[in-house]
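Under this note's numbering, the letters of the sequence shown match residues 17 to 475, in that order.
Ideal Cβ positions, reconstructed from N, Cα and C, are used throughout, including at glycine.
Fair warning: this is a prediction, and the values are worked out from it, not measured in the lab.
Notes to accompany the following structure.
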Amino acid sequence: MSQWTPALLAQARRAARETPARRERYVDFLRALAILLVVLGHWLAAVIVSANGMTGENALAHLSWAHPLTWFFQVMPVFFLVGGYANAASMDQHRRKGGDGAGWLLGRTDRLLRPTSAFIGLLWGCALVAGLAGMDRELVAIGVWAASIPLWFLAAYLGVVLCAPTMYALHRRAGAAVPVLLTGAVLLLDVLRLGAGVPVVGEANYLLVWLTMHQVGFLWRDRWTRTGPLAPAGFAAAGFSLLFVLTVFGPYPVSMVDVPGEELGNASPPTFALLVLGLSQTALALVLLGPARRMLRRTGPWTAVVAVNSVVLTLFLWHMLAAVLTGALLHGTGLFPEPAVGSGEWLLFRLPWVLAVSVVMGVLLAVFGRVEARTAPSSAGWRAGGLLGLPPGQALWNAATWSALLAVILGLVWVALAGPEPHGVGALPTAAFAAYVVGASVLRLARRRQARAAQEQED
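Written out as C-alpha cells, the structure reads:
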C-alpha cells in the first residue's frame, strides 16, 4: 500500500503533464466535484445508532431545515451530464478509427466494471465468511445493504451507456429536439403518476431523466463550448425559480433525495423536479465555465482533478462501506458519542465523524484504487461485428456483448431493490449475483477477444 500510493500520485502528475490541449478539463473537474459532493453528503447524513444492535438512519428524516441543502449535494444529474459529453467524444474517436457500437461498449464498460466486480465480489465474500463465522444474519444483511446503496446509480448509468450509441445517432439527426421531447415525456409521466393516480408509469423516469441529462451532455459538446455567461445565468435563475415554485407551491418535496417516512420522494423514481434541478445546475456550470478553465490550466488544481478521477468510481462504490466500517469501529465499541440528531453536540461531532470516515476511505482507496487506476488497453477501432452481413462468429459476439451488459444491469438493479433483509448465502440475492457474474465474465471474454483481434490487425 505504502509503495502504491506514491505511484498513483506520480501517475496522476504524469497524466496531468501529458493532457492534450484539446481536452475539456472542466468536464473532468465536474465529474470529480459531483462524486465528492455526493460522498460528503452521504457521510454527513449518516447516523449510526448502536442501541439494541448497531443500525443506521438518515439524518434528513429528523432535520427538515436541511432539506434545501440537497439542492447543493444532489449532483448526480451533473455526473450524467459530463458522462454525455465524455461519451460523445469517445464515440466520435472510436468511429473515426473504424469501430462499431458493440466494440465501443466493450471498451467503455471496462473502466466501470473492473472496480465494480472487485467491490461486489469482496462484499459477497465478506458476507459469506461473516455468516459462516456465526455473526447475526440480519446485522450482516443490513451492513451489506448499506454498503451496496451506490449500486443503484451504477445500474442507471450503465443503462444510459447501453443506450448511448443509439441515442447519439438520434442526437446527430435531431439535436436539441431529443432532450426537449424527453423532458416533455418526464413531465407527462409525472402528471399521470401524481395527478391521474397511475403510479406504475413513473418507473420509466428511472431511465428517461438520466437519458435527458446525458443528451444535454451531447449538446454541450456540440454547441456550448464557447458560450458566454449571460444566457446560462438567465436560464439558471429561471430554472431555480421554477424549482422553488414546484417544491414550495407544487406537489414535489423540497428535498432532492428521498427522505425516510415521506410518501413522495424526488429520486425514486426521479421526478420532473429533479430534472429541473439538473438542468439548472447545468446552466450554473456553464456560467462558471470561463473562470474554471483558467483555474484548471494551473498544474496543482489540474493534477488534483486527475488524481480524483483516477479512482472516482472506487471512491463512490466504497464510500458507504467506509461509513459502515467506521460506525462499527467507533460506535460499536462505544468510542464515539451518540447525541440527539440535530443537537449542537451532534452538529459539532459531524466534523470528526467525516474525518474518521475519510481515513477509512483512504485505506480502502489505497487497497482497491489500483483496480480502477490500472490503464486498460485502448478499445479504439474495436469491432464486435454487426448482426447482418458479417460472419456468424462476429454476429454472435455482438449479440453476446449487448446481452451480457443487460444481464449486468439487471443484476445490479436486483441488488439495489433487494432491501436490508438477508438474501442468499452472501447476503445478496443469489440470482442477481449470478446474473452480474455471468454478464461481467462474458464481457471480459469479449474484450480479450477484441484486444487479440486488434493486436493481430496492428501486426
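Assigned with DSSP and collapsed to three states, residue 150 falls in coil, not helix or strand. For residue 385, the enclosing alpha helix (DSSP H) starts and ends at 366-389. Restricting attention to 180, 455 and 434, the CA atom closest to the CA of residue 413 is found in 455.
Inter-residue distance for residue 182 and residue 125 is about 16 Å (C-alpha atoms, whole angstroms). Residue pairing for residue 71: DSSP places it in a beta bridge opposite 65.
For residue 169, the enclosing alpha helix (DSSP H) has its first and last residue at 167-190.
Excluding five sequence positions before and after residue 195, the CB atoms of its chain that fall closer than 6 Å to its own CB belong to 228, 231 and 232, given in chain order. With three or more CB-CB distances shorter than 8 Å, the segment 318-330 counts as touching the segment 125-136. Beta-bridge partners assigned by DSSP to residue 283: 286. Under the three-state reduction of DSSP, residue 123 is assigned to helix. Note on residue 427: 16 or more other CB atoms within 10 angstroms of its CB, so buried under the neighbour-count rule. Its chain contains 226, 229 and 230 as the residues whose beta carbon lies nearer than 6 Å to that of residue 96, once the 5 sequence neighbours on both sides are disregarded; these appear in chain order. Assignment of residue 224 by DSSP, reduced to helix, strand and coil, places it in the helix class. In the DSSP assignment, residue 272 falls outside any alpha helix (DSSP H) and carries neither an H nor an E. Separation of residue 79 and residue 276 (C-alpha to C-alpha, rounded to the nearest whole angstrom) is 11 Å.
Here residue 421 is buried, its C-beta having at least 16 other C-beta atoms within 10 Å.
Taking all protein chains shown into account, residue 265 has fewer than 16 neighbouring C-beta atoms within 10 Å of its C-beta and is therefore exposed. With respect to the 8 Å criterion, residue 352 and residue 140 are not classified as neighbours on the basis of their beta carbons. Take the alpha-carbon of residue 187 and the one of residue 83: they are about 35 Å apart. Looking from the CA of residue 51, the closest CA among 259, 180, 254 and 89 belongs to 89.
If you draw a 10 Å sphere on the C-beta of residue 152, you find fewer than 16 other C-beta atoms in it, and that means exposed.
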